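Note that the protein sequences, when read in sequence, are chains C and R. If you want our numbering, it's the position in the first sequence, counting the first as 1, plus 45. If you want our numbering, it's the position in the second sequence, counting the first as 1, plus 943.
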Amino acid sequence: MPDIPSITSFNYTHVHLLLNHVPTIGSVVALGLFIVALIRRDDGLKLVALEVTFAIALLALPAYMTGVAAFQKMRSQPGISDTAIRLHQDVALFGFTWMEFAGFIAWVGLWQARRHGRVGRGLLVTSIALLAVSFAVMARAANLGGDIRHPELGGTPLTMDAAQFLASKISNVAVNSPWAWPAAETVHFLGLSLSFGVLLAINLRILGAMKRVPFADLHRLLPWGMLGFGLNLITGMFFFVGQPRQYIDSSPFYWKIVFLMIAGANFLYLTVFRKAWADTRGAWSATGADKTMAFVSMFVWLAALYCGRMLPFIGKSF
Amino acid sequence: MGFLTWLESLPLSVWVHESPSIWAQPTVMTMHTMGMGVLVGASWVLDLRLLGFSRKIPLSAFRWVFPAVAISLLVNLVTGILLFMARATLWGTAFPFLIKILLVVASAATLMPIRTYVLQSGPEQLEVSSSAQRWAIASIAAWAAAITAGRLLAYTVAG
Chain C
46 MPDIPSITSF
56 NYTHVHLLLN
66 HVPTIGSVVA
76 LGLFIVALIR
86 RDDGLKLVAL
96 EVTFAIALLA
106 LPAYMTGVAA
116 FQKMRSQPGI
126 SDTAIRLHQD
136 VALFGFTWME
146 FAGFIAWVGL
156 WQARRHGRVG
166 RGLLVTSIAL
176 LAVSFAVMAR
186 AANLGGDIRH
196 PELGGTPLTM
206 DAAQFLASKI
216 SNVAVNSPWA
226 WPAAETVHFL
236 GLSLSFGVLL
246 AINLRILGAM
256 KRVPFADLHR
266 LLPWGMLGFG
276 LNLITGMFFF
286 VGQPRQYIDS
296 SPFYWKIVFL
306 MIAGANFLYL
316 TVFRKAWADT
326 RGAWSATGAD
336 KTMAFVSMFV
346 WLAALYCGRM
356 LPFIGKSF
Chain R
944 MGFLTWLESL
954 PLSVWVHESP
964 SIWAQPTVMT
974 MHTMGMGVLV
984 GASWVLDLRL
994 LGFSRKIPLS
1004 AFRWVFPAVA
1014 ISLLVNLVTG
1024 ILLFMARATL
1034 WGTAFPFLIK
1044 ILLVVASAAT
1054 LMPIRTYVLQ
1064 SGPEQLEVSS
1074 SAQRWAIASI
1084 AAWAAAITAG
1094 RLLAYTVAG
């Protein structure tokens, strides 16, 4: 068995303090790009703004998760207000949810732009609106986060009942409902199969199967892959928010998120794979770099599955 | 009962069930899940094509699905037998397990008429008969039911 670096020594608080800037500052950058693109009527820049939005939505996942890990590590320390952290965490969870919606709509915009040659106005406006809302919520979360170490700056109420926070309510359902966890697991398995099938078809085409088929004709399958990915993001977040302590110190979980980030970047690349999607006559053939990317894609998805399934065995979860 | 007890007492069964090695139960189980992803995913992609998504792609271009399905079915047969052997007396007498196996067999059975249809389709054939579409719907539903029944075994039987 390969030696997996211990992550109990890994300082999540530092990583969180680094990653937590991505959703806020990233949103400002993306909103700026949208504004410039609209003023200049630059369709290429609109696509860049949508790509940046998707990338921020991806990075919001480790930003949220390292925050939860930092909370679990810090809560026993003196001088830390439990309520301040929980308030920050709850607002961040809302911000994360808005951010994922923005990322999803941005992805639909990118996908549609490939089909119709340009981004639909409705999708563009929706992306910008969702991004603006998520920025506002994330900025509030950032503000509340600052109060954790500097209570003198803010007006956070000293104590609130822990059970009234959203994260606690989700956790309560995850732990106490007899069917919620098994149902979420089942959906997680259905979602992974759906994503796998679509990625298998597209990657095999890059690697040489279905050679006569124009790449563009496979495009209609991508949203099914995204559907599987979305189902697994929702159910996966339910597991994580439901029982965070099962995951934060687990090395297979850490690697699973690393592989998921690579897989997500790969999915974005596949979505905007211009030279391939432009092929409507079956004339495109993959270069060595394209084939390497297809191999990496299959590898990271299998690796993410491996790490997830191995949570109880390599790690200590459940 | 005698057979199941014997099966469970084989050295291989005992190894899968009791060895602390990562290569025993954990790896066998993970390979079973990977096989599931490829098997069901490849089947679903073809089913979606039959139902009209990516309708510009000729059916004959989807022949790669069948080797992918055959390999993953083989992986899951082998890993499935190993997992069964490891706790033969438990699985062999559990009604939910019987349902899961029946659903897997039914799902795999839907692949047969679909396979025949796709392999016999013309090189540029795009249109799909309504009976093939009905098989595609049956295939999607049957695999979803099989996965559901399989995942819930962890709660209904082995909980």
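Idealized CB from N, CA, C, for every residue including glycine. Please read these numbers as outputs of a predicted model, since none were measured by experiment.
*What first and last residue would you give for the alpha helix (DSSP H) that runs through R:E961?*
First-last of the alpha helix (DSSP H) with R:E961: 954 to 961.
*In the stretch 129 to 160 of chain C, which residue ranges form an unbroken alpha helix (DSSP H) of at least 4 residues, counting only runs that do not cross its ends?*
Runs of the alpha helix (DSSP H) inside the stretch 129 to 160 of chain C: none found.
*Under a CB-based cut-off of 8 Å, is C:T280 close to chain R?*
Taking Cβ atoms only, chain R never reaches closer than 8 Å to C:T280, which makes this a no.
*Please check the pair R:T1032 and R:E961, which I expect to be a contact at CB under 8 Å, by giving their CB distance rounded to whole angstroms.*
Wrong, their Cβ atoms sit about 14 Å apart, outside the cutoff.
*Are the stretch 274 to 290 of chain C and the stretch 233 to 250 of chain C in contact at 8 Å, needing three or more beta carbon pairs?*
With contact defined as three or more Cβ pairs closer than 8 Å, the stretch 274 to 290 of chain C and the stretch 233 to 250 of chain C are in contact.
_If I measure Cβ to Cβ from C:W156 and keep anything under 7 Å in the same chain, skipping five residues before and after, which residues do I get?_
If we look at C:W156 and ignore the five residues flanking it on each side, its Cβ neighbours are L267, P268, T316.
*Taking the CB atoms as reference points, tell me whether R:K1043 and R:G978 lie closer together than 8 Å.*
Not a contact, by the Cβ cut-off of 8 Å.
*Does any residue of chain C bring its CB to less than 8 Å from the CB of R:P1039?*
It does not: the Cβ of R:P1039 has no partner Cβ on chain C nearer than 8 Å.
*Can you give the Cα-Cα distance for C:P357 and R:V1012, rounded to whole angstroms?*
Looking at the two C-alpha atoms, the distance is approximately 28 Å.
*Would you say R:L1062 and R:P1001 are within 8 Å of each other, going by their C-beta atoms?*
For R:L1062 and R:P1001, no; Cβs fall outside 8 Å.
*For a contact meaning CB atoms closer than 8 Å, what does R:R1094 contact in chain C?*
Residues of chain C whose Cβ lies closer than 8 Å to the Cβ of R:R1094 are, in chain order, P227, E230, T231, F234.
*May I have the straight-line CA-CA distance separating C:K301 from C:G353, to the nearest angstrom?*
The straight-line gap from Cα to Cα measures roughly 6 Å.
*Helix, strand or coil for R:L1096, going by three-state DSSP, please let me know.*
R:L1096 falls in the helix class under three-state DSSP.
*Taking C-beta pairs closer than 8 Å, name the residues in chain R that C:M255 reaches, listed in chain order.*
The contact set of C:M255 on chain R, defined by CB atoms closer than 8 Å, consists of I1000, A1004, F1005, W1007 in chain order.
*Where C:G253 falls, given that 16 or more other Cβ within 10 Å makes a residue buried*: Exposed, by the Cβ-count rule.
*Please confirm whether R:A1075 and R:Y1060 have their CB atoms less than 8 Å apart.*
A contact, by the Cβ cut-off of 8 Å.
*Where does C:W224 sit, in a helix, a strand or coil, going by DSSP?*
Coil, per DSSP.
*Could you check where the alpha helix (DSSP H) with R:S964 kicks off and where it finishes?*
Counted as a single uninterrupted DSSP element, the stretch harbouring R:S964 is not any alpha helix (DSSP H), since DSSP gives it neither H nor E.
*R:L994 vs R:V1008 beta-carbon contact at 8 Å*: Contact: no.
_Separation of R:T1053 from C:M119, as counted between CA atoms_ = C:M119 and R:T1053: Cα-Cα distance of roughly 54 Å.
*4 or more residues per run - each alpha helix (DSSP H) lying fully within the stretch 277 to 356 of chain C*: The alpha helix (DSSP H) runs lying completely inside the stretch 277 to 356 of chain C and spanning 4 residues or more are 296 to 316, 319 to 322, 333 to 354, given in chain order.
*Under 8 Å by Cβ, that's how I've got C:D135 and C:F210 pegged, so tell me the actual separation to the nearest angstrom.*
That belief holds up - the Cβ atoms of C:D135 and C:F210 are roughly 5 Å apart, short of 8 Å.
*Checking contacts by CB at 8 Å: is C:F241 closer than that to chain R?*
True, the Cβ-Cβ gap to chain R drops below 8 Å.
*In chain order, what residues of the same chain lie with their CB nearer than 7 Å to the CB of R:Q1085, ignoring the 5 residues before and after it?*
For the sequence presented, residue 1085 of chain R should be read as Ala rather than Gln. Sequence-distant partners of R:A1085 (beyond 5 residues in either direction) whose C-beta falls short of 7 Å from its own C-beta, in its chain, are L1046, A1049, S1050, T1053.
*Pick helix, strand or coil for R:S997, following the three-state DSSP scheme.*
DSSP places R:S997 in coil when its eight states are reduced to three.
*So the alpha helix (DSSP H) C:A186 belongs to, where does it begin and stop?*
That run of the alpha helix (DSSP H) goes 166 to 194.
*What's the gap between the Cα of C:P47 and the Cα of C:M110?*
Its pLDDT being 47, under 50, C:P47 is placed unreliably by the model, and the measurement read from it follows with that caveat. Approximately 25 Å, taken between the alpha carbons.
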